[in-house]
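Notes follow the structure.
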Amino acid sequence: MLRYGTTTAEIKSGYGLTEEDEVKMLQVARDLAMEHPMTIVNTFLGAHAIPPEFQSCREKYVDEIIARMLPYIARKELADFVDVFCDEGYFSPEETRKILQRASQLDFGIKLHADELASTGAVFLAMEFNAVSVDHLEHITQEEIDALAKSQTIAVLLPGVSFFLAHRYAPARSLIDAGAAVAIATDYNPGSCMAFSMPLMMTIACTQMKMTPEEVITASTLNAAAALGLSKSIGSIEAGKRADLVLLDIPDYRYLPYEFGGNHVWRVVKNGVLLEF
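All residue numbers for the sequence shown refer to numbering that gives the first Met the number 0, where the first residue is 0 and numbers rise by one.
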């Protein structure tokens, strides 16, 4: 990821769905952050799906997240944010609200998987909890777009997921034109997007989501930093911010999404240090 210019990444749990496995993933990510030059932000996504053994008693899994997982993760300081997959076939708005209420009480930042598979009103729920970001938004409604545009919540769009799954794309143009702050990310994961190249995501966002090169650069830097609560320290070249820089071997910034399929990164500077690969 560093070779492709990514200097900060969010790591989410959600692939264990037991207290032991979720904690293990978050602990590994914390350990990695101590050893790797990248900045790593941890998000607890234990509410990624209902485990098979809880399908007939899903409320017990929600209770386990609320009563056991969240307090333990907070006590051990293993995550910065809590995320819930609030969507059709996953967690209902009512279940999501219960989890987010407890997460808020424990002072976690709030994120939400919203409107990926269907319109569920999850964006309004995110507004209720002052979520830092809402991810996916392929099925967001115009009413939700208008609400998002009036908020401080970042719309994180994931073009690689729509590309790989052949699903509809999030309405980036409508969100931007309404005044919403849009970020893009890879959603690099084994289920829906096995691609870690942000330049590729920028190309897809331009060609399929009608974003401009300037918009995808902003979405990949400053707005992406804001989606992690880090816009005061990274995301733009300003006095007082960390010197996280990517030097590109291209004649014009527009070549970044235009000439795709390769890697234009020449040098990476992390916190003022030139990295050697």
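A virtual CB, placed ideally from N, CA and C, is assigned to each residue, including glycine.
Cβ distance (whole Å) where TRP265 is taken to contact LEU244 below 8 Å: Here residue 265 refers to the residue found at position 266 of the sequence shown. Here residue 244 refers to the residue found at position 245 of the sequence shown. About 11 Å separates the two Cβ atoms, so there is no contact after all.
Cα-Cα separation between ALA48 and PRO250, rounded to whole angstroms: Numbered from its first residue, the sequence shown carries residue 48 at position 49. Numbered from its first residue, the sequence shown carries residue 250 at position 251. For ALA48 and PRO250, the distance between alpha carbons rounds to 45 Å.
First and last residue of the uninterrupted beta strand (DSSP E) at LEU111: Numbered from 1 along the sequence shown, position 112 holds the residue referred to as residue 111. Counting along the chain, the unbroken beta strand (DSSP E) around LEU111 starts and ends at 108-113.
Three-state class that DSSP yields for VAL280 in the structure shown: For residue 280 there is no data in the structure shown, the boundaries of the chain being 0 and 276.
Beta-carbon gap between LEU156 and THR7 smaller than 8 Å: Here residue 156 corresponds to residue number 157 of the sequence shown, with the count starting at 1. Here residue 7 corresponds to residue number 8 of the sequence shown, with the count starting at 1. Not closer than 8 Å, so no.
With 16 other Cβ atoms within 10 Å as the buried cut-off, status of ARG167: Counting from 1 along the sequence shown, the entry for residue 167 is found at position 168. Classification for ARG167: exposed.
Nearest to THR95 (by Cα), restricted to the options GLN104, VAL83 and GLU87: By one-based count along the sequence shown, residue 95 stands at place 96. Comparing Cα-Cα distances from THR95 to each of GLN104, VAL83 and GLU87, the minimum goes to VAL83.
Endpoints, the beta strand (DSSP E) within which ALA46 is located: Against the sequence shown, residue 46 aligns to sequence position 47. Here the beta strand (DSSP E) through ALA46 covers 38-46.
Opening and closing residue of the beta strand (DSSP E) in which ILE153 lies: Position 154 of the sequence shown holds residue 153. 153-156 is the extent of the beta strand (DSSP E) around ILE153.
HIS112 versus ILE153: straight-line alpha-carbon distance, rounded: The sequence position of residue 112 within the sequence shown is 113, counting from 1. The sequence position of residue 153 within the sequence shown is 154, counting from 1. HIS112 and ILE153: Cα-Cα distance of roughly 12 Å.
Cβ-based neighbour list, VAL40, same chain, cut-off 6 Å, excluding 5 preceding and 5 following: Here residue 40 refers to the residue found at position 41 of the sequence shown. Non-local beta-carbon contacts of VAL40 in its own chain, meaning distances under 6 Å to residues more than five positions away in sequence, involve GLU9, ASP79 and LEU227 in chain order.
Segment limits, beta strand (DSSP E) that includes CYS289: Examination of residue 289 is not possible in this model, given that the chain is present from 0 through 276 alone.
Bounding residues of the alpha helix (DSSP H) (the contiguous stretch that carries GLU94): By one-based count along the sequence shown, residue 94 stands at place 95. 92-104 is the extent of the alpha helix (DSSP H) around GLU94.
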